[in-house]
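Protein chains in written order, with my numbering: chain B, 1 to 222; chain A, 1001 to 1354.
Here it is in structure tokens:
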């Protein structure tokens, strides 16, 4: 992963795209790379990477957000600044795409440029989300996302979890689902995501583990 | 119970309605409720049900009236400004003694207001969701799991009392994700509806669904009959949760999202040695008056916490009936209070006591 300047992160609503995008951005910044994170979610006004501007600023990550993000105005639109990513000197450009095909439609606006520059598009899956809990449903949704965005996914990231109730077993139980989804989609399974606290238990049992921190939290439970 | 899955509040409300046997959804999209309709749009065709995006909220609620008249479980969902538009239809549903489910995922108002979470539609839901003398059931879940559980109860009580029921949620609960267990339903036992206008091939007298009465005495009688049923509901269906209230000096009263914030504040207050507790109404109509009145015997002070300028606090004062002081703290316009802010208020009340 992150073997290309442009990385798009797409998937079902609530599969954990924003948390993954932020973790990847922070990791790249930690490695000394110049990073831009673009919040391309113009369909959902709650729980999005623009909510974490302060954290991203403090790590030197440039955030590009839709106009009116995190305001009371429900007027989703793409800004001129978004097109600057194709002239950017930054080494990493990570695009946090909106959920489902509806959310991926905005990405379609950039499909031509991305086809020219080349890209990596990660499809994030979570076995514990009810409308994509079967591999067949997850691959069907991917097809819809690819049609809406006019781009092709390059790999699958298994982000199966139950938020704070996730155990090592929760993740182990998702491995067959993740591999089947990747196989049916004809894509490599690039990684299985696990919260850092679960890594010691999972090491040795799983390959391609990707440790993450939980950054996207809820104001009434945190 | 089934296996755990991860759901948004809005999705959970939709799935729970499907489990409760609802196959007829009529709505119009509005933030922050949209995923509910989107979920129904995906699921209903696969179940042989109806998902219909109407031309307006007014149309949608009248479609609900039509479906309810035919005796099926039916629902609509919206957010605050959209619920205002539905109010005429809700009054007609109540006046026609029709059961249905209405979901309000509240956002900031008045007017177009905002799209962030709010609890400023309490008065509307519990006092005046339309013109005329009537009440509807109002349920206030505080977790995604409770949303699943309350939807079924709301449908059951709506059928039993022949009146509309509402789930009063907010943008935070609708949008947040939590692990839930979806109960496995083997067979639904739905109440018989002999009053429904559902086709009978001349096997009985035809039924009439109506809210118009030519004689004032007739209208008065239907309202009196309906209010007798309301009294029965008030006697049997006051639902609440008490947390650390037994020995509490200060009882925080909060529902929905603000009850979760208040719970954290109560726990922090206990760590500081302040005897605080939380009283959480789960039914907002009927309001849990009886238990709150009892608590007014042991508690010294009450603090209502809401995401509004203070609406439920009126009902708390009516229940406490002047026996103890009732204070209020709230944030509004889409601003969510923090546990620290609520704790500050608890400390203030405790300080004045010492």
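A virtual CB, placed ideally from N, CA and C, is assigned to each residue, including glycine.
- Contact of residue 1082 of chain A with chain B by beta-carbon distance below 9 Å is absent, the smallest such distance being about 13 Å.
- Rounded to whole angstroms, the separation of the alpha carbons of residue 35 of chain B and residue 1318 of chain A is 57 Å.
- In this structure, DSSP gives residue 163 of chain B a state outside helix and strand, which the three-state scheme calls coil.
- Around the beta carbon of residue 87 of chain B, fewer than 16 other beta carbons sit within 10 angstroms, so the residue counts as exposed.
- Residue A:1254 holds the alpha-carbon nearest to the alpha-carbon of residue 1310 of chain A among A:1254, A:1321 and A:1323.
- Exposure of residue 83 of chain B is indicated by the presence of fewer than 16 other C-beta atoms within 10 angstroms of its C-beta.
- Within its own chain, the residues whose Cβ lies closer than 8 Å to the Cβ of residue 20 of chain B, once the five positions on either side in sequence are excluded, are 9, 122, 124, 157, 159, 193 and 212, listed in chain order.
- If only uninterrupted alpha helix (DSSP H) runs of at least 4 residues are considered, those enclosed by the segment 1232-1276 of chain A are 1256-1271.
- In the DSSP assignment, the residues bridged to residue 1169 of chain A are A:1105.
- Look at residue 1043 of chain A here: in three-state DSSP terms it is helix.
- A direct Cα-to-Cα measurement between residue 1244 of chain A and residue 1296 of chain A gives close to 14 Å.
- Listed by position along chain A, the residues whose Cβ is nearer than 9 Å to that of residue 163 of chain B are 1006, 1177, 1178 and 1179.
- With respect to residue 93 of chain B, residue 6 of chain B sits close: the two C-beta atoms are nearer than 7 Å.
- DSSP places residue 77 of chain B in no beta strand (DSSP E); its state is neither H nor E.
- If you ignore the 5 residues before and after residue 1026 of chain A, its C-beta comes within less than 6 Å of the C-beta of 1052, 1054, 1060, 1063, 1064 and 1076, all in its own chain and listed in chain order.
- Contact between the segment 1014-1028 of chain A and the segment 1145-1152 of chain A is present: 3 or more CB-CB pairs across the two stretches fall below 8 Å.
- DSSP lists no beta-bridge partner residue for residue 87 of chain B.
- Sequence-ordered contacts of the segment 8-30 of chain B with chain A read 13 and 14 [C-beta pairs closer than 8 Å].
- Under the three-state reduction of DSSP output, residue 1209 of chain A falls in the coil class, being neither helix nor strand.
- In the DSSP assignment, residue 125 of chain B falls outside any alpha helix (DSSP H) and lies within the beta strand (DSSP E) extending over 120-125.
- For residue 1119 of chain A, there is no enclosing alpha helix (DSSP H), since its DSSP letter is neither H nor E.
- Residues of the same chain with their beta carbon placed closer than 7 Å to that of residue 1314 of chain A are lacking, with the five preceding and five following residues left out of the count.
- Across the structure, residue 42 of chain B and residue 76 of chain B are spaced so that their CA atoms are roughly 5 Å apart.
- Judged by DSSP secondary structure, residue 97 of chain B falls within the beta strand (DSSP E) whose first and last residues are 92-97.
- The beta-carbon of residue 1223 of chain A is placed no less than 7 Å from the nearest beta-carbon of chain B.
- Rounded to whole angstroms, the gap between the alpha carbons of residue 202 of chain B and residue 39 of chain B is 31 Å.
- Contact between residue 1290 of chain A and residue 1238 of chain A holds, with the beta-carbon distance rounding to 6 Å and staying under 8 Å.
- Within the same chain, Cβ atoms closer than 6 Å to the Cβ of residue 1328 of chain A are found at 1304, 1310 and 1313, the five residues on either side in sequence being excluded.
- With respect to the 7 Å criterion, residue 1171 of chain A and residue 1107 of chain A are classified as neighbours on the basis of their beta carbons.
- Looking at the backbone, the Cα of residue 1351 of chain A and that of residue 162 of chain B are separated by about 41 Å.
- With a threshold of 7 Å between beta carbons, residue 130 of chain B makes contact with chain A.
- Our two residues, residue 1217 of chain A and residue 1139 of chain A, have alpha carbons roughly 33 Å apart in a direct line.
- Neighbours of residue 200 of chain B in chain A, taken as residues at a C-beta separation under 8 Å, are lacking, since the least C-beta distance is about 23 Å.
- DSSP places residue 1061 of chain A inside the alpha helix (DSSP H), whose first and last residues are 1057-1069.
- DSSP lists A:1006 as the bridge partner or partners of residue 1179 of chain A.
- Identification of residues in the segment 1033-1045 of chain A having a C-beta nearer than 9 Å to some C-beta of chain B yields 1034, 1035, 1038, 1039, 1042 and 1043, given in sequence order.
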